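Participant: Using our numbering, you'd call the opening residue of the sequence shown number 28 and step up by one each time.
Once you've had a glance at the structure underneath, I'll fire off some questions.
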Amino acid sequence: MDARPNSPEARDIRYHLHGYTNARKHQETGPLVIEKGDGVYVEDIAGNRYIEAMAGLWSVAVGFSEKRLVDAATRQMSKLPFYHDFGSKAHSPLIDLAEKLVQMAPVPMSKAYFTNSGSEANDTAIKMIWYRSNALGQPARKKIISRKRGYHGVTIASASLTGLPNNHLSFDLPIANILHTSTPHHWRDAQPGESEEQFSARLADELEKLILAEGPETIAAFIGEPIMGAGGVVVPPAGYWEKIQAVLSKYGILLVADEVICGFGRTGEMFGSQTFGIKPDIMVLSKQISSSYLPISALIINDKVFEPIADESDRIGTFGHG
28 MDARPNSPEA RDIRYHLHGY TNARKHQETG PLVIEKGDGV YVEDIAGNRY
78 IEAMAGLWSV AVGFSEKRLV DAATRQMSKL PFYHDFGSKA HSPLIDLAEK
128 LVQMAPVPMS KAYFTNSGSE ANDTAIKMIW YRSNALGQPA RKKIISRKRG
178 YHGVTIASAS LTGLPNNHLS FDLPIANILH TSTPHHWRDA QPGESEEQFS
228 ARLADELEKL ILAEGPETIA AFIGEPIMGA GGVVVPPAGY WEKIQAVLSK
278 YGILLVADEV ICGFGRTGEM FGSQTFGIKP DIMVLSKQIS SSYLPISALI
328 INDKVFEPIA DESDRIGTFG HG
């Protein structure tokens, strides 16, 4: 580490609090300062070149410094760098992208809604789910089931969905109405001699018992990543999503597919939902949607979600979120 008082490393230690970092240890070790990127490579300020095997945070899908994206962003910023969608306002890029996302969804969807990050999108999903329950005259139906070791973000609500202890410790999380069921990690958690199908059946049975214990009339939604990312890159065992969806359908529970990491080709299909036969009511997208060149995320919702939201916004006078 360059310890000179005005070096980038010293200034970082002096002024910057890092996410997902031991803040005290960082004061001793300092940062790795990345200066530039090209394709799959990044380079630090000392000229060392690295293959960025995680694509940032599973996010730079087309590589670093892709000229087509840079040029497209430059053209748009020169024409209209910002505009909102409040009060029925719109602009062509918003309309084009909403249309594209709805049309490319793996199941019939109705509308797209835009936010700035995966965390914010999952936070918005919670609000939409609660809003919908109230619209349907089911105010008790507010609980959302997530999974241990799942990752859904770091805002107060989305971090509560996340099932990793370090996202909860000393933050007084999770908040109320967020439940967690088991991780579908066959290699780690299967019983001796238990096949993948048997393991999946056991987890589906566990989910149903949780729903019955809490009261089906209180459970609004289930959220999951098609493949768990931060929790260990956990590929679901055979039959898992089929069996989980059967339980959710039985009790009229919404399914949210968190495609923030899996979306846009990372599982071999356009979406992880296609790879594993998932039929979500809400899809949450981010990261690869812009290759992380700009902060943008989206939710795609079906009519089962949109129509009650539209009715409630008509009753109140507005959908008070944005």
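Note that beta-carbon positions come from the ideal geometry of N, C-alpha and C, so glycine has one too.
Treat the numbers as computed from the prediction; the structure is a model and nothing was measured.
(1) Going by CA-CA distance only, name the one from T302, C289, R229 that's closest to Q315.
(2) Measuring CB to CB, does D308 end up less than 9 Å from V283?
(3) Considering just the uninterrupted stretch of the alpha helix (DSSP H) at H213, what are its terminal residues?
(4) I need the boundaries of the beta strand (DSSP E) containing G251, first residue and last residue.
(5) Going by CA-CA distance only, name the one from A100, H43, W214, N161 that's closest to V260.
(6) Below 8 Å, how does it come out for the stretch 83–101 and the stretch 121–138: are there three or more Cβ pairs, yes or no?
(7) Rounding to the nearest angstrom, what Cα-Cα distance links P219 and G266 in this structure?
(8) Curious, which full-length beta strand (DSSP E) runs of at least 3 residues does the stretch 284–315 contain?
(9) On the DSSP bridge assignment, give the partners of S173 in chain order.
(10) Please state whether the Cβ-Cβ distance between G190 and H212 is less than 9 Å.
(11) With distances taken Cα to Cα, identify the nearest neighbour of V87 among K236, Y320, I254.
(12) State the DSSP-derived secondary structure class of K277, mapped to helix, strand or coil.
(13) Any idea if N194 is buried or exposed, counting beta-carbon neighbours within 10 angstroms, 16 or more meaning buried?
(14) With distance defined between alpha-carbon atoms, name the residue in T294, S313, L312 nearest to G304.
(15) For V69, list the residues DSSP reports as bridge partners.
(16) Measuring straight from C-alpha to C-alpha, what distance separates A337 and F346?
(17) Would you mind giving the Cβ-Cβ distance between F198 and G349, rounded to the nearest angstrom? I have them listed as a contact below 8 Å.
(18) Beta-carbon within less than 6 Å of V181's beta-carbon, same chain only, minus the 5 sequence neighbours each way: which residues are those?
(19) Only counting the same chain, and skipping five residues up and downstream in sequence, which positions put a Cβ closer than 6 Å to that of I156?
(20) Buried or exposed for S227, please, with buried defined as at least 16 other CB atoms from any protein chain shown within 10 angstroms of its CB.
(21) If you measure between the beta carbons of L312 and V287, is that distance less than 9 Å?
(22) Considering only heavy atoms of the ligand PLP, does any lie closer than 8 Å to the CB of F298?
(23) Consult DSSP for F109 and reduce its assignment to one of helix, strand or coil.
(24) Just to check my reading of the structure: K170 and N204 have Cβ atoms closer than 8 Å, yes? What is that Cβ distance to the nearest angstrom?
(25) At what residues does the beta strand (DSSP E) containing K138 begin and finish?
(26) Which residue from M297, R159, G292, E36 puts its Cα closest to that of L281?
Facilitator: Short version:
(1) C289
(2) Going by C-beta atoms, D308 is nearer than 9 Å to V283.
(3) 213–216
(4) 246–251
(5) W214
(6) no
(7) 18 Å
(8) 309–312
(9) H207
(10) no
(11) Y320
(12) Reduced to three states, the DSSP call for K277 is helix.
(13) Counting other Cβ atoms within 10 Å of its Cβ, N194 reaches 16 or more and is therefore classed as buried.
(14) T294
(15) G64, Y77
(16) 8 Å
(17) Not really, about 26 Å apart at Cβ, beyond 8 Å.
(18) S146
(19) A247, A248
(20) buried
(21) yes
(22) You won't find the ligand PLP in this model; it holds no ligand whatsoever.
(23) coil
(24) 5 Å
(25) Where K138 is concerned, the enclosing beta strand (DSSP E) stretches over 138–142.
(26) R159
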